[in-house]
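The sequence shown runs 1 to 174 under our numbering.
Note that CB positions come from ideal geometry on N, CA and C, so glycine has one too.
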Amino acid sequence: MVLQSVLPAGYYLLDKGLVPDFIIRRVIRALLRERLREIDQGSFEANHTAKMHWIEQVRARDKIADVPEKANEQHYEVPTKFILLTLGPHAKYSSCLYSTGKETLAQAEVAMMESYCEKAKLKDGQDILDLGCGWGSLSLYLAEVYQEAVSLQLLFTPSNRNIQLPASLVYLTL
Numbered sequence: 001m002v003l004q005s006v007l008p009a010g011y012y013l014l015d016k017g018l019v020p021d022f023i024i025r026r027v028i029r030a031l032l033r034e035r036l037r038e039i040d041q042g043s044f045e046a047n048h049t050a051k052m053h054w055i056e057q058v059r060a061r062d063k064i065a066d067v068p069e070k071a072n073e074q075h076y077e078v079p080t081k082f083i084l085l086t087l088g089p090h091a092k093y094s095s096c097l098y099s100t101g102k103e104t105l106a107q108a109e110v111a112m113m114e115s116y117c118e119k120a121k122l123k124d125g126q127d128i129l130d131l132g133c134g135w136g137s138l139s140l141y142l143a144e145v146y147q148e149a150v151s152l153q154l155l156f157t158p159s160n161r162n163i164q165l166p167a168s169l170v171y172l173t174l
């Protein structure tokens, strides 16, 4: 296919920031159309059967990731600047909570952090340990909401060491 032959050059230009958004959107749509054609089995029933077969195969696997080192490299070593461009104002990385589906990204970030706090039954004045705090979104939220709490965050990934964190929180980078 023609698209496959131009992808290496396209990725190079994309990495350099030289591809306009309108072109990126068109390429993404073309790739999605191609993928949908690849997996189409001809009918809803056949598509459902194929999907269920795929799920059974995934469940039967011995391991989740075949090459976890590569996944970690790709996932954790993406430049901080890029990741922060894709997140909301709290830089909530792992997930957000869209209770109604009408929330903004900022509202969904806060809703998820509020959900964590409710489930953990956090109260102001407690000692809080945040293991693997990642980008620090929850840690910063806790410092804002629970101002009398003592919070210790443990960072594990090298890429988030570039983030400016408030001195009022205690951080230990491993």
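Just to confirm my understanding: we take residue i, look at its own chain, exclude 5 residues before and 5 after, and list those with CB closer than 7 Å. What are they?
i: Glu148; result: Asp124, Gly125
i: Asn72; result: none
i: Ser168; result: Because Ser168 carries a pLDDT of 47, less than 50, the predicted location of this residue cannot be relied on, and no value is offered for it.
i: Leu97; result: Ala108, Ala111, Met112, Ser115
i: Ser95; result: Met112
According to the Cβ coordinates, are residue i and residue j closer than 7 Å?
i: Val19; j: Leu13; result: yes
i: Tyr93; j: Gly42; result: no
i: Ala106; j: Gly88; result: yes
Using 10 angstroms around the beta-carbon of residue i, count the other beta-carbons present and answer buried if the total reaches 16, otherwise exposed.
i: Leu138; result: buried
i: Ile128; result: buried
i: Gln90; result: The sequence shown places His at residue 90, not Gln. Buried, since its Cβ has 16 or more Cβ neighbours within 10 Å.
i: Gly136; result: buried
i: Tyr141; result: buried
i: Gln4; result: exposed
i: Met52; result: exposed
Apart from the five residues on each side of it in sequence, which residues of its chain come closer than 8 Å, Cβ to Cβ, to residue i?
i: Thr49; result: Gln41
i: Gly10; result: Val19, Val27
I'd like the list of long-range same chain contacts for residue i, defined as Cβ closer than 6 Å, with 5 residues on each side in sequence excluded.
i: Asp15; result: none
Given 6 Å as the limit, tell me if residue i has its C-beta closer than that to any heavy atom belonging to the ligand MN.
i: Arg29; result: Of ligands this structure carries none, so the ligand MN is not represented either.
Q. Curious, which full-length alpha helix (DSSP H) runs of at least 4 residues does the segment 78 to 133 contain?
A. Counting only runs of 4+ residues, the alpha helix (DSSP H) found wholly inside the segment 78 to 133 occupies 80 to 86, 105 to 120, in chain order.
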